[in-house]
Amino acid sequence: MSEAQSKERPGSSVSGWPILPLTLLLKLAAIFLIIVAANGGQPLALLIPLAVLAFLASILSWFGYFTLQPNEGRVLILFGAYKGSIRRSGFHWTNPFYSKKRISLRMRNLNGERLKVNDKRGNPIEIAAVVVWKVADTAQAAFDVDDYENYVEVQSESAVRHLASAYAYDQGEEDEFTLRGGGDEVNTALTRELQERLSKAGVFVDEARITHLAYAPEIAQAMLRRQQAEAIIAARTKIVQGAVSMVEMALNDLKEKQVIEFDQERKASMVSNLLVVLCGETEVSPVINTGTLYH
């Protein structure tokens, strides 16, 4: 059975400024008692122990002081037991026996390395992402993972790999997002998965975005040719659709205005000629037909 998840709670501390004069007074008192004892003050059996205690107390007191900058926290630990966390910036004093682990609460950027993975269709691609994150729970960051910074790096790489394998690079199923065309949807999915993974370490993911996306070098040229072919096919399809619409419009206008009557053979000839003119890549030279369609 796993241990319960840690949860941050406020720790106890006071301002260090009122305690500082007391620490100095203890040190001065120790020096004074030592001088009195050295000059023959009585009783020595009391003066010397008091001087030693005052001196040790002043030394020990110095270990209770610490400072916090804005967006910085300290985790207080006493003999292995969690005693709370301090987030207030300033000069503090607390139990000198507490160990005080510093944890930054500032936003951080993780610029991931380029990873070579296979997309949903098995094509090798290169992908990289940047993650903006910060520590939200100091107790979880300190106690629930061994090294929360390394944990963020490893889990971020794992999440990016999983995302790449869940989507196609640029040609998915119908109504399916792709890595190249998904945009904000893909980034949102990455952010959501990272938050699920990193919440165990008390980390909040502010944003995650893909910064690099490309086919792997060994298939880049082949995929480029495929993309060019797809672009040509798409363009040709648009041209043909437009040409058919224009021919249909021309025939309907001629029929409605009764400019000329076409039989099926003449209509087919006109359609053929118009499609050649509209779909051709080169300019067409006009030719005047002085005969008829049948001679």
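The opening position of the sequence shown corresponds to residue 31 in this note's numbering, with each subsequent residue numbered one higher.
Even for Gly, the Cβ is constructed at its ideal location relative to N, Cα and C.
Point to revise | Given serine 299 as reference, the closest of Val277, Asp283, Glu286 and Lys285 once Cα atoms are compared | key: Val277
Practice item. Helix, strand or coil for tyrosine 95, going by three-state DSSP, please let me know. Key: strand
Review point. Cα separation between leucine 106 and tyrosine 245?
Key: 49 angstroms
Check your understanding: Below 9 angstroms between beta carbons: does that hold for glycine 213 and aspartate 200?
Key -> no
Point to revise | Check whether glycine 46 and tryptophan 123 have beta carbons under 9 angstroms apart | key: yes
Check your understanding: Taking the C-alpha atoms as reference points, what is the distance between methionine 31 and aspartate 174?
Key -> Bear in mind that a pLDDT of 38 at methionine 31, under 50, signals an unreliable position, so the model cannot answer this.
Point to revise | Check whether leucine 220 and arginine 239 have beta carbons under 9 angstroms apart | key: yes
Exercise for review: Helix, strand or coil for arginine 210, going by three-state DSSP, please let me know.
Suggested key: coil
Exercise for review: Quick one: grab the DSSP three-state call for serine 391.
Suggested key: Only positions 31 to 325 of the chain appear in the structure, and residue 391 is not among them; the question remains open.
Review point. Residue range of the beta strand (DSSP E) that tyrosine 112 falls in?
Key: 111 to 116
Check your understanding: Can you give the beta carbon distance from leucine 224 to valine 161, rounded, assuming they're within the 8 angstroms contact cut?
Key -> 6 angstroms
Check your understanding: Using the C-alpha atoms, what's the distance from alanine 273 back to lysine 285?
Key -> 18 angstroms
Practice item. Please classify aspartate 149: is it buried, with 16 or more other beta-carbons within 10 angstroms of its beta-carbon, or exposed? Key: buried
**Study point:** Boundaries (first-last residue) of the beta strand (DSSP E) holding phenylalanine 121
**Key:** 120 to 123
**Study point:** Same chain only: Cβ atoms within 7 angstroms of valine 183, ignoring 5 sequence neighbours per side
**Key:** The sequence given here places glutamate at residue 183; valine does not occur at that position. Around glutamate 183: Leu140.
**Study point:** 6 angstroms CB neighbourhood of asparagine 101 in its chain, flanking five on each side removed
**Key:** Leu135 and Arg136
Practice item. Just the C-alpha distance for alanine 59 and alanine 75, rounded to the nearest angstrom, thanks. Key: 17 angstroms
**Study point:** the region 76 to 86 touching the region 107 to 115, judged by at least three CB pairs closer than 8 angstroms
**Key:** no
Practice item. State the start and end residues of the unbroken alpha helix (DSSP H) segment that holds leucine 56. Key: 46 to 68
Practice item. Tell me whether isoleucine 157 is buried or exposed, calling it buried when 16 or more other Cβ atoms sit within 10 Å of its Cβ. Key: buried
Check your understanding: So, are the CB atoms of leucine 98 and glycine 114 less than 9 angstroms apart?
Key -> no
Point to revise | Close-in-space but distant-in-sequence residues of the same chain around tyrosine 197 (CB under 7 angstroms, 5 per side omitted) | key: Asp149, Lys150, Phe207, Thr208, Leu209, Gly212 and Val216
Practice item. Name the residue from Ala264, His242 and Val301 whose alpha carbon lies nearest to the alpha carbon of glutamate 143. Key: His242
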